[in-house]
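Undergrad: Just so it is clear: in the sequence shown, position 311 is 312 by this note's numbering, and no numbers are missing. Note that beta-carbon positions come from the ideal geometry of N, C-alpha and C, so glycine has one too.
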Amino acid sequence: MNLQALQIRVKSFINLSSFAARPRSLKIGQLGSLRLRVMSSKRGVSSSTKSAAASIVDDKKDSKLKGMSGDCSEKVLIEESCWKVQSVEFQSIKDDPGKIEAMTVQELRATLRKFGVPAKGRKGDLVFALKHFMGKQIDGESSQELEERVSFNSRENISLQKNTKRTSDESCVVSINTVSEVSGFKQSKRRMKQSPVEDEIVKVGTEIVTTKRKLSIKTDDLVTLPQAEPWTVLSHKKPQKGWIPYNPRTMRPAPLTDGNSVKLMSWNVNGLRALLKFEGFSALELAQRENFDVLCLQETKLQEKDVDSIKQCLIDGYENSFWTCSNAKLGYSGTAIVSRIKPLSVCYGLGIPDHDSEGRVVTAEFDSFYLVNTYVPNSGDGLKRLSYRITQWDPSLSNYMKELEKSKPVILTGDLNCAHQEIDIFNPAGNKRSAGFTEEERQSFGSNFLSKGLVDTFRKQHPNVVGYTYWGYRHGGRKTNKGWRLDYFLVSESIADKVHDSYIVPDVNGSDHCPIGLVLKV
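#1: Between the stretch 96 to 115 and the stretch 433 to 449, are three or more C-beta pairs nearer than 8 Å?
#2: Give a yes or no on whether the C-beta atoms belonging to histidine 514 and asparagine 271 are separated by under 8 Å.
#3: At the level of alpha carbons, what is the spacing between lysine 239 and proline 246?
#4: Can you give me the C-alpha to C-alpha distance between alanine 288 and valine 467, rounded to a whole angstrom?
#5: Just checking, does the stretch 484 to 501 make contact with the stretch 414 to 431 on the three C-beta pairs under 8 Å criterion?
#6: Can you look up lysine 312 in the DSSP assignment and give me helix, strand or coil?
#7: By DSSP, does methionine 104 sit in helix, in strand, or in coil?
#8: Quick one: measure Cβ to Cβ for glycine 431 and cysteine 419, integer angstroms, because I've assumed they're closer than 8 Å.
#9: Let me check understanding here. Comparing Cα to Cα, which of Glu359, Cys326, Ser358 and Asp317 lies closest to arginine 341?
#10: Pull the bridge partners of methionine 266 from the DSSP assignment, please.
#11: So the candidates are Ser397, Glu366 and Phe370; which of them puts its Cα closest to the Cα of proline 378?
#12: If we count the other Cβ atoms within 10 Å of its Cβ and call it buried at 16 or more, is cysteine 314 buried or exposed?
#13: Thinking leucine 296 and valine 339 are a contact (beta carbons under 8 Å), I'd like their distance in whole angstroms, please.
#14: Who are asparagine 321's beta bridge partners in DSSP?
#15: How close, in whole Å, do the beta carbons of glutamate 406 and serine 493 come, if the pair is a contact with beta carbons under 8 Å?
#16: Ignore the nearest five residues each way along the sequence and tell me which others in threonine 225's own chain have a CB closer than 7 Å to its CB.
#17: Would you check if the distance between the CB atom of glutamate 359 and the CB atom of serine 334 is smaller than 8 Å?
#18: Measure the alpha-carbon distance for tyrosine 389 versus leucine 277 and round it to whole angstroms.
#19: Taking threonine 364 as the reference, which of Leu387, Met402, Lys385 and Gly383 has the closest Cα?
#20: Apply the 10 Å Cβ neighbour rule to isoleucine 353 and answer buried if 16 or more other Cβ atoms are within range, or exposed otherwise.
#21: Which runs of the alpha helix (DSSP H), 4 residues or longer, sit entirely within the stretch 378 to 424?
#22: Go ahead and pull the three-state DSSP assignment for alanine 329.
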């Protein structure tokens, strides 16, 4: 065999092994960087005896490599199909989170098990577990683990190394190096350009080493890693001059020491039973840290039959609790007031049957004020309830507040489902027709509450501060502080000057909202 024939055979060997070893592209990641280096130490081999021997060696190598690559391809296809199924199902739920609520118990358990999440408890617990998992994945908390897992599987199941003994006449080293890149989750996009410098792959002992490899990273495309306290970084699409991020560590005033004050807190818990099972920050820890007197809850999602068992879980010292549940739709809405101060009186609803079937209002009367805990109706997808919200609910709540104010100052708190100003939402331009930021809702908020003598305590204390209280699970905004301020303490003008502190507690997890607080001198 002459030199030309040997070159043809080597070329065929390269093409065949490349085709056999090249994996299909995974949907979650991309497998690439196939490198093959064939080295011949002596070109002067031309005798027929040496050529024939080289041909036999090549045939054996070719056959062996084909067998190795065939086994590898089967493993790749198995891995690929597994990840494709998980990715498609994840993307489907991500695109339509409403599917979670519509799933049966069996479907919820099957889905959770596919994602490796424990599937125990009732339907409400399973729904919360799946929402929590989706929120973490979208936020990027588990993307690194997923990337490492895919990368590990890729290296273990796809990497092929072929190394023959070197002789004085011929040496051949075949190495296929695969690199995985997770691109299914677009939390952090990084573009990496490979330098034109040639890579040389060699085997040192049991290690595969790549030399002469240079990577240039485009810094403009790098996304800053999530901060430990992301709310301390100004996050807004259209920040104005003078705006600063809210930092409770530096912006809260010193506690009052004379004891003549009351501390109120409010929290949309997005399902109380699920929150009580949440393994993160607990209500007990919140009570110990904040030492609040009254806690207002919204979106408890309880039924009346659940209330007695929930009362058994209350923190010692908070024996006074008052609950209202939705009768129109079970496991929906719901509000409560939990207090260590016994109120003078308590009433439920606005006194209007058309508004009181969803358990949205609880009012407690104390010595120096009325406390109205409210979960304002969301205008909904497609703004289906926008007209009801601005023409019926808001005016009715406003009139109710004015009636109470005839005898005592009023404090209105809760999830009011409106980001009033552009400073109260990360992306104002992109949400002009989103529920909670429509022009109609913002005008209604101003005309029915602020223009009627109620004061937004947080905005009064922090006129140029960007602070959010809600971050949607769907968009994973919590880790990057892309949120909305939907939760408020509004007070009568007559007691606005008695507000010592109106604050946000952004580090408390367990819901898509965080708690807010008010310290009032009495």
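TA: The relevant details are as follows:
#1: Short answer: they don't touch.
#2: Yes.
#3: Rounded to whole angstroms, lysine 239 and proline 246 show a C-alpha spacing of 13 Å.
#4: Between alanine 288 and valine 467, the C-alpha separation is close to 26 Å.
#5: With three or more CB-CB distances shorter than 8 Å, the stretch 484 to 501 counts as touching the stretch 414 to 431.
#6: Note: lysine 312 maps to helix in three-state DSSP.
#7: Note: methionine 104 maps to coil in three-state DSSP.
#8: Not confirmed; about 17 Å, so no contact.
#9: Looking at the Cα atoms, Asp317 is the closest of the given residues.
#10: In the DSSP assignment, methionine 266 is bridged to Leu296 and Gly518.
#11: It is Ser397.
#12: The Cβ neighbour count for cysteine 314, taken over all protein chains shown within 10 Å, is under 16; the residue is labelled exposed.
#13: Contact holds; Cβ gap of about 5 Å.
#14: According to DSSP, asparagine 321 bridges with Ser340.
#15: Right, the Cβ-Cβ distance comes to about 6 Å (below 8 Å), so this counts as a contact.
#16: Reliability of the predicted coordinates at threonine 225 is poor, the pLDDT of 42 falling under 50, and the value obtained from them is presented with this limitation in mind. Around threonine 225: no qualifying Cβ.
#17: Result yes, Cβ atoms of glutamate 359 and serine 334 sit closer than 8 Å.
#18: Cα to Cα, the separation comes out at about 33 Å.
#19: Here the closest residue by C-alpha is Met402.
#20: For isoleucine 353, the number of other beta carbons within 10 angstroms of its own is below 16, and it is reported as exposed.
#21: As summarised for the stretch 378 to 424, the continuous alpha helix (DSSP H) elements at least 4 residues long and confined to that stretch are 395 to 406, given in chain order.
#22: Alanine 329: coil per DSSP, three-state reduction.
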